[in-house]
Structure formats: C-alpha cells, structure tokens
DNA sequence: ACCTTACTACGAAGGTGTTCGTTGGTCAAG
DNA sequence: CTTGACCAACGAACACCTTCGTAGTAAGGT
C-alpha cells in the first residue's frame, strides 16, 4: 500500500463540509447536513454522497463502528489552509505574499484589531529571520 | 443588453492564460500558446478553445480586426486578484486576513524584502484607519 | 411480528472543464 | 492556379462535480 502524503485540492462543496468538520470536530453526516442546511437548502443524500467521495479521496476519515458513521477531517484546518493559500499564491500572485495581502485587504476591509494582528504576525516572522 | 459587472471565477487553465495576458499585454493565441508551451506541453487548439470560451464568459476581450485575433484580459490583474483573494478568504479562512497570511507565509517562506513590504503595507492601512 | 425511522450505498443525470482532431478560410509564395 | 502556412471554429470525448431519487438494512417501539 502506498501512503501518499498529498491530497487533492478540495472542491467548493468539499471545502464547505471540511469547514463544518473543523469547527464541530468529528461528526455524523446528519450533523454536518443540519449545520449546512441552516445556511442553505441541501439534501441529506447530497451531503452523504460528497462525504463518501471525500473518504475515497482521503480528505476525511470515517469511523464505521457505529451505525451512523463518524467522519473527521484527515488534515487539520491549518494544514489545508496552507495548501490553499500556497496554491493561490503561486497560481495568481506569482508567489508574492504582499500582493496576496493587498488583494485580501481590498476585498474585505480589515478591522483595527485585524491590522494589529497582522502587524504582530509580520513582526514575529522578521524576528525569526534574524 | 445587460452589462453585468461580475465575472465567473476563472478556472485553473483560464487563470494561466490570464497570467500570460497580464504580463505580455494584448496578444494573439499563438503568442499565448508559445509562452505557455515553454513551461509545459500544450496544444495550440486547446489554448484557442479556452480563449474562445473565455471570450464568451467575458473574461477576455477579442479584437477581430486582424486575421489573427488579439485578445486582452477584460479586467486588470489587481481586480481579478482581489476577487480570488476575497473568495478564498471567505470560503477557507472565515474572513480572517491574518489567517490567510499565516497560511501563505507557511507555504512559502518570505524573504526579508518581502517581509519589509508586508510591514509597510500594514502600516499604510493602519494610517488610513486613523 | 410489524411498522416507522434513520441510516448507507448506489446509480443516473446534468453541468462544466479540458483536451484533441478535423474542417474550412485566408493569404502569400512559387 | 496550386501549394503550404497559419488561422478560427467546432464537435466529440472524457473526466470531474454536484444533485437527486431509489433501494436496502439495522434499530426501536408497539
């Protein structure tokens, strides 16, 4: 058996499900579905099918010991966020983190607290560099 | 005629073409193709087909006055980058710009110059805020 | 034992993304 | 006039994404 370390980039619908699993922790299809359908109409079997496919892809893990299987994200939120940010960084921003930040801030004005957070972040990275 | 202001999110292949158009300026299919095929094998007609579809979607504009049509991106690089960054920000980072930056920096270590750039950027935004 | 409920599994359908081969048109050189 | 180079257009094929309906099964109550 081959233990491959990289996963396919999650699609839009898959990412929505991962988001639920990350914030709620391991959950059944029903729990994920009810969380999602609070925001938008969604059929139970559609969510189920997606989660089955995600299991095949390795995006989630499934515990089948109970009748209602329990799913969990196979990678922590930060890991996947790193993949996604890195991917977009290369594909659309030629690797320039500052261009990416410009885009993000232009799209969604940050609060003062957010800016302070950013400042601290950059400071920490500069610290490491030295 | 309806002048809609928003465009579909470009797909991976489409984004690659836009990247070429942004850096070279208006260009023919042949020019785009030869630029792309310097990096990876690509059929001329595949690039052509994609650019035709992008014309339908409004992602690029086409000048047909010459026999070899001249294509140009219908939105400047910054506009599209803003869309993409904003989209990912909402879908994967719950709107947190600092989380996005953490992901980007983790994926691709920034140089000292890059960090200085980031620091300046945040400073300017904080300036505006006040 | 029977019915209801709550699951999983599965397949089909419709849409989209990407690739590739073929066709037909224009132009200039021979 | 014919040939070859270069171009746009188009359709077919294939894979992937997403949705939805249906079938089968385990569990619990009556």
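Protein chains in written order, with this note's numbering: chain A, 1 to 130; chain B, 131 to 260. Built from N, CA and C at the ideal position, the CB exists for glycine as well.
_Boundaries of the alpha helix (DSSP H) in which residue 237(B) is found, first to last residue_ = 227 to 237
*Using a C-beta cutoff of 8 Å, does residue 125(A) count as contacting chain B?*
yes
_Under 9 Å by beta carbon: chain A residues contacting residue 194(B)_ = Within chain A, no residue comes near residue 194(B); the closest Cβ sits about 28 Å away, beyond 9 Å.
*Pull up the distance between the alpha-carbon of residue 37(A) and that of residue 99(A), whole angstroms please.*
35 Å
_For residue 156(B) and residue 104(A), I'd like the C-alpha separation in whole angstroms._
27 Å
*Please report the residue range of the alpha helix (DSSP H) in which residue 153(B) lies.*
142 to 154
*Coil, strand or helix - residue 202(B) by DSSP*: strand
*Using the beta-carbon count (16 or more within 10 Å), is residue 196(B) buried or exposed?*
exposed
_Cβ neighbours of residue 185(B) in the same chain (closer than 7 Å, five flanking residues each side left out)_ = 192
_Buried/exposed call for residue 149(B), threshold 16 Cβ in 10 Å_ = buried
*asked:* For residue 204(B), which residues in the same chain have their Cβ closer than 8 Å to its Cβ, ignoring the five residues on either side in sequence?
replied: 137, 188, 189, 190, 191
_Check for me: the alpha helix (DSSP H) holding residue 187(B) runs from which residue to which?_
174 to 187
_Residues of chain B with CB closer than 8 Å to the CB of residue 12(A), please, in chain order._
221
*Taking buried to mean at least 16 other C-beta atoms within 10 Å of its own C-beta, is residue 260(B) buried or exposed?*
exposed
*residue 217(B) in three-state terms, based on DSSP*: helix
*Is any beta-carbon of chain B found at less than 8 Å from that of residue 129(A)?*
yes
*Using the beta-carbon of each residue, which ones in chain B are nearer than 8 Å to residue 119(A)?*
249, 252, 253, 256
*Kindly indicate which residue of 253(B), 242(B), 215(B), 240(B) has the alpha-carbon position closest to the one of residue 112(A).*
253(B)
*Among the residues of its own chain, which have a CB less than 7 Å from the CB of residue 50(A), if the five just before and after it don't count?*
13, 14, 17
*Which residue's Cα is closest to the Cα of residue 97(A): 86(A), 107(A), 106(A)?*
86(A)
*Which whole-angstrom value describes the C-beta separation of residue 219(B) and residue 84(A), a residue pair presumed to lie in contact below a C-beta threshold of 8 Å?*
Not a contact, Cβ separation roughly 10 Å.
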